[in-house]
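Residue numbers (the UniProt record's numbering), protein chains in the order written: chain R, 1 to 147; chain Y, 1 to 147; chain E, 1 to 147; chain V, 1 to 147; chain S, 1 to 147; chain H, 1 to 147; chain W, 1 to 147; chain X, 1 to 147; chain U, 1 to 147; chain P, 1 to 147.
10 protein chains.
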Amino acid sequence: MDKIEMHHTLMAARARQKMNWDDLGEAVGRSPVWVASVCYGMNSAPPDIAQGLANALGLEDEALIEALKAYPTKTWDGAVPQDPLIYRLYEVVGVYGPTLKDVIQEKFGDGIMSAIDFSMDVEREEDPRGDRVKITMNGKFLPYKSW
Amino acid sequence: MDKIEMHHTLMAARARQKMNWDDLGEAVGRSPVWVASVCYGMNSAPPDIAQGLANALGLEDEALIEALKAYPTKTWDGAVPQDPLIYRLYEVVGVYGPTLKDVIQEKFGDGIMSAIDFSMDVEREEDPRGDRVKITMNGKFLPYKSW
Amino acid sequence: MDKIEMHHTLMAARARQKMNWDDLGEAVGRSPVWVASVCYGMNSAPPDIAQGLANALGLEDEALIEALKAYPTKTWDGAVPQDPLIYRLYEVVGVYGPTLKDVIQEKFGDGIMSAIDFSMDVEREEDPRGDRVKITMNGKFLPYKSW
Amino acid sequence: MDKIEMHHTLMAARARQKMNWDDLGEAVGRSPVWVASVCYGMNSAPPDIAQGLANALGLEDEALIEALKAYPTKTWDGAVPQDPLIYRLYEVVGVYGPTLKDVIQEKFGDGIMSAIDFSMDVEREEDPRGDRVKITMNGKFLPYKSW
Amino acid sequence: MDKIEMHHTLMAARARQKMNWDDLGEAVGRSPVWVASVCYGMNSAPPDIAQGLANALGLEDEALIEALKAYPTKTWDGAVPQDPLIYRLYEVVGVYGPTLKDVIQEKFGDGIMSAIDFSMDVEREEDPRGDRVKITMNGKFLPYKSW
Amino acid sequence: MDKIEMHHTLMAARARQKMNWDDLGEAVGRSPVWVASVCYGMNSAPPDIAQGLANALGLEDEALIEALKAYPTKTWDGAVPQDPLIYRLYEVVGVYGPTLKDVIQEKFGDGIMSAIDFSMDVEREEDPRGDRVKITMNGKFLPYKSW
Amino acid sequence: MDKIEMHHTLMAARARQKMNWDDLGEAVGRSPVWVASVCYGMNSAPPDIAQGLANALGLEDEALIEALKAYPTKTWDGAVPQDPLIYRLYEVVGVYGPTLKDVIQEKFGDGIMSAIDFSMDVEREEDPRGDRVKITMNGKFLPYKSW
Amino acid sequence: MDKIEMHHTLMAARARQKMNWDDLGEAVGRSPVWVASVCYGMNSAPPDIAQGLANALGLEDEALIEALKAYPTKTWDGAVPQDPLIYRLYEVVGVYGPTLKDVIQEKFGDGIMSAIDFSMDVEREEDPRGDRVKITMNGKFLPYKSW
Amino acid sequence: MDKIEMHHTLMAARARQKMNWDDLGEAVGRSPVWVASVCYGMNSAPPDIAQGLANALGLEDEALIEALKAYPTKTWDGAVPQDPLIYRLYEVVGVYGPTLKDVIQEKFGDGIMSAIDFSMDVEREEDPRGDRVKITMNGKFLPYKSW
Amino acid sequence: MDKIEMHHTLMAARARQKMNWDDLGEAVGRSPVWVASVCYGMNSAPPDIAQGLANALGLEDEALIEALKAYPTKTWDGAVPQDPLIYRLYEVVGVYGPTLKDVIQEKFGDGIMSAIDFSMDVEREEDPRGDRVKITMNGKFLPYKSW
């Protein structure tokens, strides 16, 4: 079972079980964003979590558990994303990229924020003028070194 | 004076005055990230802020203030960024884009996070295993409507 | 049922029922352009409209109704469209983009026209020298804010 | 004088004279959007209008008038625009392109909306929940013919 | 039946019937180039022509006739064509594009040659040094207008 | 003097002398389209024609004559042209490319129309419904051979 | 049978019959490079050669012979080839393109080497330091002409 | 002096001295194609050859000799060349690439023809039907090895 | 059996046999990196190694052995890789490419490191602050020659 | 002084002083590859190293030292490099990317080799059949984590 079939199997089970990402995150003791990224085939699950996700969704298929544990090859469609929700994030990187580079490197020195030793969270912030999406990214700072 | 010349003038003054983004943000009562984006020519400053930035940096040039107030045309180089710090943000959008879309739309319904009614913050999180960069994005949720 | 199969099912039923977009719009009390965008899989329908569309077309398939309600991932082929009708719209954006930016921002200040809080209409304007297509776009103005 | 120098000369004069696009349109009896497109070098002005624009802006330069009358070569940067205001229009073409094609061709038969025999208007629509931008495009329908 | 299946059906029938494009053009009273473009799925046929083409090729399939009448979405592979015959035409547009623009606009004023109100013909010109291909394009001139 | 400077020199002289392409073609006994392509730097002129063009335009500059005779490196901007007049020609190649390939190869066998042993003409065809542009391309047929 | 299926059929037969390109070239009295290009679907075979190839490979399938005779649409994957053997040829064109243009046009005048009236040969040149590949290209010179 | 200035200096001197590539090749005892590639900045000359080229062209500039000896960074414009002479070579690589791969690897085993340990020659072949360009490429075969 | 099917067959057998790349390398007396590249279809195996790999994995399929011996056409997805592990290698080439060119050519003269007469090794280097990946590339230096 | 001017200043001084990368590395106690990357503007130097490099090259310019210390924006030309030495490295990433991913992840688990906490070395390996280039890359392994 490859990551694409795994994804469809999990999404169908999630709909059947009426579990949202918060439920699924809680069931395995992990963040809902990370759990979603696993179910989208973009992260591998450690064995106990793979088992836990299968249990929570009522799926006892060994091939599915193997697929959850497999190390993914991460790819995406095209250089510029098209779906408006994803494009807005790309636009933020384009518009604010040099700003973020300068602010981060002023605070930390020459280096980068890791996208591997990294976590991310999404919250709903209530606001009478319209609720707001709050995305928090948290990555280890990695300094460039001389050698 | 166009945004590029404005940017170089501001960066040189900032170096001369030894003001970092926090200082400059404080001087005009705005977030350091937003102030940096203005100085990178990616946002326009309201008149009082434009004046305040010029004052803080000891620059009393009318053309500079006009440049700060001008509405920018926002562009960036290429579809795929190359600087490693900015690329990692692009990679996050590629790897986690569909995950974020699903998590946000599950929480809010069909719609997007605005990149216009939007703010962003960068913090340093101390950690004995290596300090961490924390980026917070906050954008209004905009629902798709039928008509 | 994914959005592509949904689209083919709806188009076939529409042909069988000899209903045009005006008829279908009227049947569910929505604009024909928006209804068409739903049937092309580019917008999601609220539950009652999804049901209404299925009824109007004589399709009582639950999977179809789910597909109508599903939040779409919006994508299109290529960066430059090729079909002449669609290319002409792209050309209008290329030729008049900076003009529209200037005229809108002069009228409203620094910001954009939303493509999410947005509606669109198409009319036929009779003209003895050849009838004319009139497209009206209507989007909320979103101002950039400082923070 | 090429179209780029012409553009900068006109924009500087417009700022000096504090004339907005409505003023300039009124001065020559044309739509502000079309006048702006001429000043952005994307359309040529007939001789009397070229003279009228120069007069209205207090510019009596023969080379400028020649530049206004010159037939432009229309080009733009990149296949996918980046400025958020212009990108949203591009996104509308991507998301609604096939919808518009179907709705227009159902109303008119096989053919296109001309982008040459074409006009466009921008209005501000007041709305207590936030004012709205209204863009109207009006192009002659051109049917495909057999031969 | 989509345009691709329609194309293969027609080409197979054409081979069986040993009809060339001249024969088929004559059978329906249209130019062989236009008839070929219909059979390649790049133009729609009016009902009587669609019927005529089906008759001429001995195909009495209603779905085929519907496919011939359907309004096509015109697309092609890639930005730069590769087949040498088609590339040479692309090269002509690249090499002579600005020349043609200048010559046409000198003769007609600012505007374009329509590719919609358009016809095209191919002839064989005998020449002792090697026969020559003569392609004639004929499109309505569309002037840009002020508004 | 390179081809770009040569082009600007020739265009300015042409304007001063009020000579159109027909006049210039007649002056040197060549087609106006070919003469224009030479002045746009896309073809080289034989020595006598180079001299004739310089004479006709009242330019007796040796460097200019050398530039006219120089063999050009033919390039153009981008894979997809943007100016509407040139784009329409590109669109014709895209839409009708496979049609032309089939019609030509049916008439001539496997091979191509040369773009080198090639000529082109532009005529104005009067028409009460709007005058028409007629472009004629004439290229030697080159058959593929076995070896 | 399309060119792809034809290719696989021929390659399988060639392996079964243990015939290399030299054998196959000899069998039909043609160059092994040209025969290989036919079997790769990049050239059409005259009827007698098509028959000869089928005979030599013990394939008496009429559809195969038709596929060998069919005029190919020549396309390839991507603008920059990736296989190292083919990339080296592309690199030669990139590195030596302007050099070849200058050397050829100095010898022949303004014009090109035809890729249609063209043949090619591959030889093995023994060399104690490592054998060498010798590729010979031979194309008719086509001069640009004035008209 | 960089390679671009070096190139222009050499080309001007070559024109002044009326030396063609054959003359220049003879003057330094090297192939005219290789000498041209050096003068186009695509290969470095050993010290004695650099001195010899300067002598032959009557240029005694130390900076020029250094530029001739400098190791070049080899780049070219775009992925797909546009000048027709160079494009035809690119087309040959596209059309015959897989054919050449198969013929070479059948003769030599798995490996490539080097583009570094490589030479190339251009000859004029007289032919009553039109003279022909003969290009010979000669590169060391490099086998892939296991390790 | 093509290289893709071969790859899947080998990977499944490897999982069944619980053999890692070191085991498989040892089994055939070759480097694990090279063996992996063969199993990924990017290198051909000599007959005895192909047999050895099949034996080691308990696969006695003649078609598989033929597939292992076949000379591959090496291609990859896209110009810029997306998987983070592979992208980091691409980034190293982008960031350090000109540095490596200068350091290598200073040491060796004008030329390149072969990617054909080439081997590569991966080692795990223990480090208390986090283990390190050590990749060693070893390629023959190929000097450019004059001719 | 920007990184480009800094680079040219350093290269000129290096030539004047006849210091190679080994000399310069030794002068500041760092690897020659890292020192070269600093001089190419792709890494920033800590203050003492910046001073040391300036001293070693006899350059006492404060602006130069600031430029050496500045945090670079790392970019490179194009997605696919063209210089043959750099292209071969790109080819290695394309051909062996998935192989390296598998071998590394088998040894270390799901994660990547850092290109930031990274060093690189180049050595000359003598070999009677032709000396060899040995490149060693050494990067910290970064495991993906769940959160």
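Where a beta carbon is used, it is the ideal one built from N, C-alpha and C, also for glycine.
Sort the options by Cα distance to residue i and report the nearest one.
| i | options | result |
| --- | --- | --- |
| M6/R | M19/R, V28/R, E62/R and A27/R | E62/R |
| P32/R | R129/R, E126/R and M120/R | M120/R |
| E106/R | F141/R, R132/R and S114/R | F141/R |
| A115/Y | V93/E, E66/E and K145/E | K145/E |
| M11/V | V133/V, V35/V and P47/V | V35/V |
| V103/X | K3/W, Q17/W, R16/W and G25/W | G25/W |
| H8/R | L57/R, P47/R and Q51/R | L57/R |
| T75/E | T73/V, E66/V, V93/V and V38/V | V93/V |
| F118/U | D110/P, F118/P, D117/P and G130/P | G130/P |
| Q82/P | R30/X, A13/X and G78/X | G78/X |
So, does the CB of residue i fall closer than 8 Å to a CB anywhere in chain U?
| i | result |
| --- | --- |
| P128/W | no |
| R30/X | yes |
According to the Cβ coordinates, are residue i and residue j closer than 8 Å?
| i | j | result |
| --- | --- | --- |
| Y71/H | P98/S | no |
| V122/U | L59/P | no |
| E125/Y | N43/R | no |
| residue 152/R | I135/Y | Here chain R has residues from 1 to 147 only, and residue 152/R is not among them. |
| L53/Y | M1/Y | no |
| A50/H | K3/H | no |
In whole angstroms, what is the alpha-carbon distance linking residue i and residue j?
| i | j | result |
| --- | --- | --- |
| A27/P | A45/P | 14 Å |
| E91/P | Y96/W | 20 Å |
| N55/X | A15/X | 15 Å |
| K69/P | L85/P | 29 Å |
| F108/S | V80/S | 30 Å |
| residue 154/W | P143/H | In this structure chain W extends from 1 to 147, so residue 154/W is not present and cannot be described. |
| residue 152/X | P128/S | The displayed coordinates of chain X run from 1 to 147. Any statement about residue 152/X would go beyond what the structure contains. |
| W21/E | N20/S | 40 Å |
| T73/P | P47/P | 18 Å |
| W147/E | Q17/Y | 24 Å |
Mind checking if residue i is an interface residue toward chain H, Cβ cutoff 8 Å exclusive?
| i | result |
| --- | --- |
| Q51/W | no |
| E60/E | no |
Hey, does residue i have any beta-carbon neighbour from chain S nearer than 8 Å?
| i | result |
| --- | --- |
| Q82/X | yes |
| I135/W | no |
At the 8 Å Cβ level, is residue i part of the contact set with chain W, yes or no?
| i | result |
| --- | --- |
| G94/P | yes |
8 Å is my cut-off, CB to CB: does residue i come that close to chain V?
| i | result |
| --- | --- |
| residue 160/Y | Residue 160/Y is absent from the structure shown; chain Y starts at 1 and stops at 147. |
| G97/E | yes |
Are the C-beta atoms of residue i and some chain R residue less than 8 Å apart?
| i | result |
| --- | --- |
| residue 151/P | Since the first residue shown for chain P is 1 and the last is 147, residue 151/P is missing from the structure and cannot be characterised. |
| R16/Y | no |
Determine, for residue i, whether the minimum Cβ-Cβ distance to residues of chain E falls below 8 Å.
| i | result |
| --- | --- |
| W21/Y | no |
Hey, does residue i have any beta-carbon neighbour from chain P nearer than 8 Å?
| i | result |
| --- | --- |
| A45/X | no |
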